[in-house]
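Peer 1:
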Amino acid sequence: MAVLRAGGGVRRYYNINGWLFVAPALGLIGVFMVYPIFWSLWMSFQTGKGLTTKFGGFANIIRLWNDPVFIKALSNTTIFFVIQVPIMLTLALIVAAALNNPNLKGRSFFRTAIFLPCVTSLVAYSVLFKSMFSADGVVNGALEALHIISSPIPWLTDPFWAKTLIIIAITWRWTGYNMIFYLSAMQNIDKSIYEAARIDGISARGRFLYITIPMLKPVILFTMVTSTIGTLQLFDEVYNFTEGKGGPSNETLTLSLYIYNLTFKFMPSFGYAATVSYVIVVMVALLAFLQFHATRERD
Numbered sequence: 225m226a227v228l229r230a231g232g233g234v235r236r237y238y239n240i241n242g243w244l245f246v247a248p249a250l251g252l253i254g255v256f257m258v259y260p261i262f263w264s265l266w267m268s269f270q271t272g273k274g275l276t277t278k279f280g281g282f283a284n285i286i287r288l289w290n291d292p293v294f295i296k297a298l299s300n301t302t303i304f305f306v307i308q309v310p311i312m313l314t315l316a317l318i319v320a321a322a323l324n325n326p327n328l329k330g331r332s333f334f335r336t337a338i339f340l341p342c343v344t345s346l347v348a349y350s351v352l353f354k355s356m357f358s359a360d361g362v363v364n365g366a367l368e369a370l371h372i373i374s375s376p377i378p379w380l381t382d383p384f385w386a387k388t389l390i391i392i393a394i395t396w397r398w399t400g401y402n403m404i405f406y407l408s409a410m411q412n413i414d415k416s417i418y419e420a421a422r423i424d425g426i427s428a429r430g431r432f433l434y435i436t437i438p439m440l441k442p443v444i445l446f447t448m449v450t451s452t453i454g455t456l457q458l459f460d461e462v463y464n465f466t467e468g469k470g471g472p473s474n475e476t477l478t479l480s481l482y483i484y485n486l487t488f489k490f491m492p493s494f495g496y497a498a499t500v501s502y503v504i505v506v507m508v509a510l511l512a513f514l515q516f517h518a519t520r521e522r523d
């Protein structure tokens, strides 16, 4: 059904049938996305345990800064973000540049092999990593055989090495995912630009730094934002590697795992868990804004 309106010589058509088609989707979005967002915001001002809650104002926000477990989780999440994201995106960019070389043999095989980790079962690869990096695992065995270490590295029990293992696991899993974006963008760059630079005597390194990277700026921004969101929401690897404990001694505990523990493992504190979740929201929004600002075009 179309409704015709005329005003100021401009005729506008309002298709009611179109709204009827999208109404179910809009309703589902409202029920399962919009409503939970506002409800969680309201819950963040509630205090109490379980279903017995009351309005507490800013009590949960004050509690944050007096909660040593929250401070530890925030510190760990920040460390993972600051260290892992730059390493992963740099590796993805380098690998994409290497696989974009038309003279490289077996490019299809390498592309598939590097991309496969991101579609690997999380539980399967977590069990495999725990076995490989155990005290008597294949990684320590290989390092000892090569005389790189004299005694096994406590990957799962030492705070420093436990964080390192988490960073290695995340990098292994998601580097190929970001590499696909960079590789696709590189293949859309006009080859004549590289030919002109080569004729002008610009080295391969110069072409990469001054042509490839600037041309990839929108894609790099996209991967920076998505990787930031994923790392600040880090949960799966830590939960599987530490059996939900964030050990040793909360040294790998992340904000998402702490929210899970507050909601399902400890005495349920839904209001405080919602407050911690909005810390992630604020961090994601702030970091995304800074990344957009840092990469915007300058006049």
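Residue numbers (the working numbering): 225 to 523. Where is the CB? At the ideal position from N, CA and C, for every residue including glycine.
Could you check what DSSP says for G272 in three-state terms: helix, strand or coil?
Peer 2: Here G272 sits in strand by DSSP.
Peer 1: Going residue by residue through the segment 355–419, where are the continuous alpha helix (DSSP H) segments of at least 4 residues, counting only ones entirely within it?
Peer 2: Fully enclosed alpha helix (DSSP H) runs of 4 or longer: 362–369 and 383–411.
Peer 1: Whole beta strand (DSSP E) runs in the segment 255–317 with 3 or more residues, listed along the chain?
Peer 2: List check, beta strand (DSSP E) in window: 270–273 and 276–279.
Peer 1: Could you pull the start and end residues of the alpha helix (DSSP H) that R431 belongs to?
Peer 2: Counting along the chain, the alpha helix (DSSP H) containing R431 begins and ends at A428 to R431.
Peer 1: Are the beta-carbon atoms belonging to F459 and Y484 less than 9 angstroms from one another?
Peer 2: Yes, these two residues count as a Cβ contact at 9 angstroms.
Peer 1: Using a Cβ-Cβ distance cut-off of 9 angstroms, determine whether V449 contacts chain B.
Peer 2: The chain labelled as chain B is not found in the depicted structure, where only one protein chain is given.
Peer 1: Relative to the C-alpha of A348, which candidate in I373, A320 and A393 has its C-alpha closest?
Peer 2: If we check each option's Cα against that of A348, A393 comes out closest.
Peer 1: Compute the Euclidean distance between the alpha carbons of A322 and F304, then round it to the nearest angstrom.
Peer 2: Distance between the alpha carbons of A322 and F304: 27 angstroms.
Peer 1: Name the two residues that bound the continuous alpha helix (DSSP H) containing R331.
Peer 2: It spans R331 to F339 - the alpha helix (DSSP H) in which R331 sits, taken as one unbroken run.
Peer 1: Tell me whether K469 sits in a helix, a strand or coil according to DSSP, three-state version.
Peer 2: Note: K469 maps to coil in three-state DSSP.
Peer 1: Here's the rule I'm using: 16 or more other beta-carbon atoms within 10 Å means buried, otherwise exposed. How should N402 be labelled?
Peer 2: Buried, because 16 or more other Cβ atoms sit within 10 Å of the Cβ of N402.
Peer 1: What is the DSSP secondary structure of R520, counted as helix, strand or coil?
Peer 2: Three-state result, R520: coil.
Peer 1: Distance check for V503 and I261, CA to CA, integer angstroms please.
Peer 2: Taking the straight line from one Cα to the other gives about 14 angstroms.
Peer 1: On a Cα-Cα basis, can you pick out the residue from E461, F446, L486 and M491 that is closest to L380?
Peer 2: Nearest C-alpha to L380: E461.
Peer 1: Which residue wins for smallest C-alpha separation from R397, given the options S451, V443 and D424?
Peer 2: With distances taken between Cα atoms, R397 lies closest to S451.
Peer 1: Out of T271, T277, T276 and L370, which one is the CA nearest neighbour of I285?
Peer 2: The candidate whose alpha carbon is nearest that of I285 is T271.
Peer 1: Can you tell me where the alpha helix (DSSP H) with M448 in it begins and where it stops?
Peer 2: K441 to L456 is the span of the alpha helix (DSSP H), which, as asked, contains M448.
Peer 1: Along the alpha helix (DSSP H) that carries I435, what are the first and last residues, could you check?
Peer 2: No alpha helix (DSSP H) contains I435, which DSSP labels as neither H nor E.
Peer 1: Near F405, what residues of its chain come up, given a Cβ to Cβ distance below 6 angstroms and the 5 sequence neighbours on each side ignored?
Peer 2: Excluding residues within five positions, the ones whose Cβ falls inside 6 angstroms are V443 and T447.
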